[in-house]
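Working notes, beginning with the structure itself.
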Amino acid sequence: MAKELIKGNTAVAEAALRAGLEAYFGYPITPQTELLEHLSARMPEIGRPFVQAESELGAINMVYGAACTGKRVMTSSSSPGVSLMMEGLSYIAGTEVPAVLVDVVRGGPGLGNIAPAQGDYNQIVHGGGHGDYHMLVLAPASVQEAVDLTVLAFDLAEKYRNLVAVLMDGSIGQMMEPAELPPFQPLKTDIPDWAVRGTGGGENRVLTSINLDPPAQEVMNLRLMKRWQEIEKNEVRYKGYYLEDAEYVVVGFGTAGRISLSAVRAAREQGIKVGLLRPITLAPFPKDVLDELTEKAKAFLVVEMNAGQMLEDVRLVVRGRKPVEFFGRMGGVVPYPDEVLTEIERLVDGPLTTEGHPRDRWLARLSETIG
Amino acid sequence: MQQEVIIAGFGGQGVLFAGQLLSYTALDEGKEVTWIPSYGPEMRGGTANCTVVVSDEEIGSPFVKNPTAVIAMNLPSLEKFEDMVEEGGVLVVNASMVNRGVERDDIKVVSIPANEIAQEIGSERAVNMVMLGALLGNLDLLSLDALDKALDNHLPERHKKFLPMNKEALRRGAEYKTEAVEPA
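As structure tokens, this is what we get:
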């Protein structure tokens, strides 16, 4: 199929539909609205349910109910809307049913603004809803990757009976790039043996997240954690750029990752041996490759559009063996490549330290710039 | 090889479509391309802009601080973007909407009465195509023929009757040639 020029939000919507999305439930919020808008036209066109719920709470609980039937379902929103969904997400996790969430992150906290940001990394990657659960988190950096990861999200959700989040930011949602859309998949016909399908005289199936007996709950918790270990073993994805001979390694995901790519290329032109590790799965986090790079690299620079959230996951892997520095912009401000280049040059010029916290040093520098 | 263009103006001047046409052309020519608009309240304030990056390899940042070229359709756009054009780059200014000269002397400036030209060929709505033509006449980015083809392929059906006018607008714009500036 030929590539077409398509907006990120629209592309994700169309990709989901072609991947066999059987029902969509959502509530409009910028910068995600085109996703919902596209499905509001396309889903009825092909005879599938599209529901604009009364709120994000309504939407996520409709997803919960529909997911219990074993159908491919999803919702999408942006930061404040996703906060409203947290209870429902925890219930979905606790019921072990598959569902897909697309989060087009904007500047925060609070109502914030509608500019691109990555401030919801911790919320999505490290939970946000209550209880011991993990979402599988996919972080595209381009429209094509957003398309491909949306299709993958449904497959992974079903494979592991687990929530999968596609974590983008406003710029990927609003950007147009050439992308090849996936072929139309037929709707699933096989009904999972756990799905509830109404009373047909068959066995009685119960799907719920309530478990009043702590030892029984603990057995369920153990099952979730073992499943997560399996996901950690099988589903790590990342992309490396110029890493073969890299003395310095930039780590960034999504838009911060691709902005860093421009900076890494500019630094390479100056003869600096720097590479880029762009995690595609934020959960599970690409620990092994980072661990290998820690053996080889002189120092790391983590770049994010937040105050250093993935930074902590990087530090957990590097464990003080090599210096880690941080650069971020917050609140919907998007860094330009030359800002990242300056940080790479600073890394090379040194002095480097494994003492203290990189966030403190970054905040001190940032305070001088933006006061 | 990577080149970047920021197109800026009032809402309604066709800024976003001009950028999309450039992007479609790049796509049809087998290039990598990104198009990203200013979105949200900024647009309600009366100004709109988009950034187009055209490259032979995987594009890093879709945001650009110092673009190869800027198309400034009005005075606020000139004020905002004049200083950002890369040294030796191209600044296309809509002289119909701007009452001052350009201060930079290290860039190629194309000053063109785009509104008047658009009116001459039939409609002021073609002003974006005149400006885009002026850019391509002065920057080795994509050919006018390729742009014509993209118009044929991607102009919405209901606008097909405007094809000849749009192509004429591109050509009239491209006739405005300015000498390149020698880097200092």
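Chains as they are written, first to last, in the working numbering: chain A, 64 to 434; chain B, 377 to 560. Ideal Cβ placement from N, Cα and C applies to all residues, glycine included.
Apart from the five residues just before and just after residue i, which ones in its own chain have a Cβ nearer than 6 Å to its Cβ?
i	result
L80 (chain A)	R105
G71 (chain A)	V206, A209, I235, G236 and M238
A76 (chain A)	L98, H101 and L102
A394 (chain B)	I383, N504 and L508
N176 (chain A)	G170 and G395
V428 (chain B)	V381, G395, L398, S399 and W411
V200 (chain A)	I187, V188, A228, L230, L345 and A346
Q378 (chain B)	S431
A258 (chain A)	T132 and G133
D211 (chain A)	none
V160 (chain A)	A130 and C131
L517 (chain B)	Q379
In the DSSP assignment, find the beta strand (DSSP E) that holds residue i and state where it starts and stops.
i	result
L425 (chain B)	It is Asn, not Leu, that sits at residue 425 (chain B) in the sequence shown. Counting along the chain, the beta strand (DSSP E) containing N425 (chain B) begins and ends at T423 to S431.
Y311 (chain A)	Y311 to V314
For residue i, count neighbouring Cβ atoms within 10 angstroms of its own Cβ and tell me buried if that reaches 16, exposed if not.
i	result
E281 (chain A)	exposed
F247 (chain A)	exposed
R476 (chain B)	exposed
A427 (chain A)	exposed
I123 (chain A)	buried
G173 (chain A)	exposed
G406 (chain B)	exposed
M231 (chain A)	buried
R286 (chain A)	exposed
V269 (chain A)	exposed
M148 (chain A)	buried
N425 (chain B)	buried
S437 (chain B)	buried
Q389 (chain B)	buried
Can you list, in chain order, the residues of its chain with a C-beta nearer than 8 Å to that of residue i? Leave out the 5 residues immediately preceding and following it.
i	result
V440 (chain A)	This structure cannot settle anything about residue 440 (chain A), because the visible part of chain A is limited to 64 through 434.
E500 (chain B)	N491 and A494
Provide the residue span of the alpha helix (DSSP H) that contains residue i, from first to last.
i	result
W291 (chain A)	P277 to N297
W425 (chain A)	P421 to I433
N176 (chain A)	Careful: N176 (chain A) lies outside any alpha helix (DSSP H) and carries neither H nor E.
Q248 (chain A)	Segment: none, Q248 (chain A) is in no alpha helix (DSSP H) and carries neither H nor E.
S140 (chain A)	Note, S140 (chain A): premise wrong, no alpha helix (DSSP H); beta strand (DSSP E) at V136 to S140.
V160 (chain A)	That residue, V160 (chain A), is in no alpha helix (DSSP H); it is neither H nor E in DSSP.
L415 (chain A)	It is not in any alpha helix (DSSP H) - L415 (chain A) carries neither H nor E in the DSSP assignment.
I447 (chain B)	First-last for I447 (chain B): A445 to A448, but that is the beta strand (DSSP E), not the alpha helix (DSSP H).
L223 (chain A)	Per the sequence presented here, residue 223 (chain A) reads as Tyr, with Leu not at that position. Run containing Y223 (chain A): V206 to Y223, per the alpha helix (DSSP H) assignment.
S380 (chain A)	With the sequence shown as reference, residue 380 (chain A) is identified as Val, and Ser is not the correct amino acid for it. Segment M373 to V381, the alpha helix (DSSP H) holding V380 (chain A).
What residues match up with residue i in a beta bridge as DSSP calls it?
i	result
P342 (chain A)	A:Y301
I69 (chain A)	A:E240
F113 (chain A)	A:Y87
K484 (chain B)	B:V466
M231 (chain A)	A:V167
F390 (chain A)	A:V366
T410 (chain B)	B:V429
Q379 (chain B)	B:V430
Spatial neighbours of residue i within its chain, please: CB distance less than 7 Å, with the 5 preceding and 5 following residues excluded, ordered by chain position.
i	result
P452 (chain B)	T423
L527 (chain B)	L397, L539, N542 and K543
L324 (chain A)	Y304 and L339
F113 (chain A)	Y87, L102, S103, M106 and P107
A202 (chain A)	L230, F316, G317, P342, I343 and L345
A550 (chain B)	G509, A510, L512, G513 and L520
M283 (chain A)	N274
Flag residue i as yes if its beta-carbon sits less than 8 Å from any beta-carbon of chain C, otherwise no.
i	result
Q389 (chain B)	The structure shown has no chain C; the protein chains it does contain are A and B.
Quiz item: Should the segment 345 to 363 of chain A be regarded as contacting the segment 391 to 404 of chain A, the criterion being three or more beta carbon pairs within less than 8 Å?
Solution: By the Cβ test, the segment 345 to 363 of chain A is not in contact with the segment 391 to 404 of chain A, since fewer than three Cβ pairs between them sit closer than 8 Å.
Quiz prompt | Touching by the beta-carbon criterion (3+ pairs, under 8 Å), the segment 433 to 452 of chain B and the segment 510 to 526 of chain B | solution = yes
Quiz item: With contact counted as at least three CB pairs below 8 Å, one residue from each stretch, are the segment 285 to 305 of chain A and the segment 256 to 264 of chain A in contact?
Solution: In short, these stretches do not touch, since the Cβ pair count stays below three.
Quiz prompt | At least three beta-carbon pairs within less than 8 Å, the segment 196 to 204 of chain A to the segment 215 to 230 of chain A | solution = yes
Practice problem: Please confirm if the segment 352 to 359 of chain A is in contact with the segment 413 to 425 of chain A, defined as three or more CB-CB distances below 8 Å between the two stretches. | Solution: no
Exercise. Could you tell me whether the segment 310 to 328 of chain A touches the segment 178 to 187 of chain A, using the rule of 3 or more Cβ pairs below 8 Å?
Key: yes
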